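For what it's worth, our numbering labels the leading residue of the sequence shown as 2, then goes sequentially.
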Amino acid sequence: MELIYTTQRDDFEPGRNYRNPRHFDQAEPGVESVVVIGDWPKVVNSYEKAGADVSVIDMPTRVAIVDVSDSAELKRLAYELASIGVIVESFAEQSLERPEGELGETASRLFLVLEAVNAGVSSLQRERDGEVEKVSLLQKQVDDLLARASKHDAETDEGREANEVADLKARLDAVGITYRANASKELLQKLVDDLPK
C-alpha cells in the first residue's frame with residue numbers, strides 16, 4: 002500500500018490514500034511506499050525504520066529577493082512594513098486607520114481587505130440591531146395581546162358568573178323561594194337543586 006502525507010485540503014486524486022502529517026504518531030503497518038510532501042522528518046524517519054520506500058517532495062516557498070545595497074529599496078520596504086504594522090494595530094483596536102503617504106502594494110491590499118472586513122462586520126451589526134429591535138417590538142405585541150386576553154378572560158368569567166347567578170335567582174323567584182341578596186352562587190345552586198321537580 003502507498004500513502005501520501007500532505008497538508009493539502011483539496012485536489013485529491015481518486016483511489017490514492019492520503020494522510021495529514023500533522024496528525025502523525027507512528028508508521029502504519031503494511032505500508033510499502035510513502036510520499037511525504039513538505040518537511041516532516043518524523044514521518045520520513047518512522048517509515049524508513051519500518052522499511053518502506055520513502056520519497057520526499059519539497060514544498061515550494063515564496064522568497065523575496067532584496068538587493069541590500071539599494072538603500073532606496075530598503076527604505077521602501079521598511080516604510081511598507083511600518084505601514085502594515087499601523088494598519089494591523091489599528092484594526093486590532095477596532096479603529097482601522099490608513100497610514101499617511103504612499104502605501105506599497107502589500108500594505109494597500111491589506112488595508113483594502115481589512116476595510117472590507119470592517120464594512121462586513123458593520124453591516125452584520127446593523128442587521129443584528131435591526132433584528133433585536135424587531136424582537137423587542139414583537140415581544141411588546143405579544144405582551145399586549147396576553148394582557149388583553151387575560152383581561153378578556155377575566156371579564157368573560159365575571160360576566161358568565163353574573164349571568165349564572167341572575168338565572169339561579171330568577172328560577173328561585175319564579176317559585177317564591179326567598180334568599181339573601183348577597184347569597185353565593187353555590188348557595189343559590191343548592192336551593193335550586195332542592196326544588197321539587
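For each residue, glycine too, the CB sits at the ideal point set by N, CA and C. All values reported here derive from a predicted model rather than from experimental measurement.
Given a length threshold of 4 residues, the segment 112-188 has no whole run of the alpha helix (DSSP H) inside it.
Scanning Ile5, Arg17, Gly16 and Gly102 for the CA closest to the CA of Ala28 turns up Ile5. Nearest C-alpha to Thr8 among Tyr180, Asn21 and Glu132: Asn21. A contact between stretches requires three or more CB pairs, one per stretch, nearer than 8 Å, and the segment 152-168 meets this requirement with the segment 184-192. Between Ala51 and Val35, the C-beta spacing is not below 7 Å. For Leu75, the uninterrupted alpha helix (DSSP H) run begins and ends at Ser72 to Ala93, by DSSP. Segment contact: the segment 103-112 against the segment 75-95, three or more CB-CB distances shorter than 8 Å; contact assigned. Distance check between Ile58 and each of Leu169, Gln140 and Asp40 places Asp40 closest, using alpha-carbon atoms only.
The three-state reading of DSSP puts Asp194 in helix, counting H, G and I together. In this structure, Met60 keeps its C-beta atom at 7 Å or more from the C-beta atom of Gly31. For Ser34, the uninterrupted beta strand (DSSP E) segment begins and ends at Ser34 to Ile38. Between Glu98 and Ser91, the CB-CB gap stays under 7 Å.
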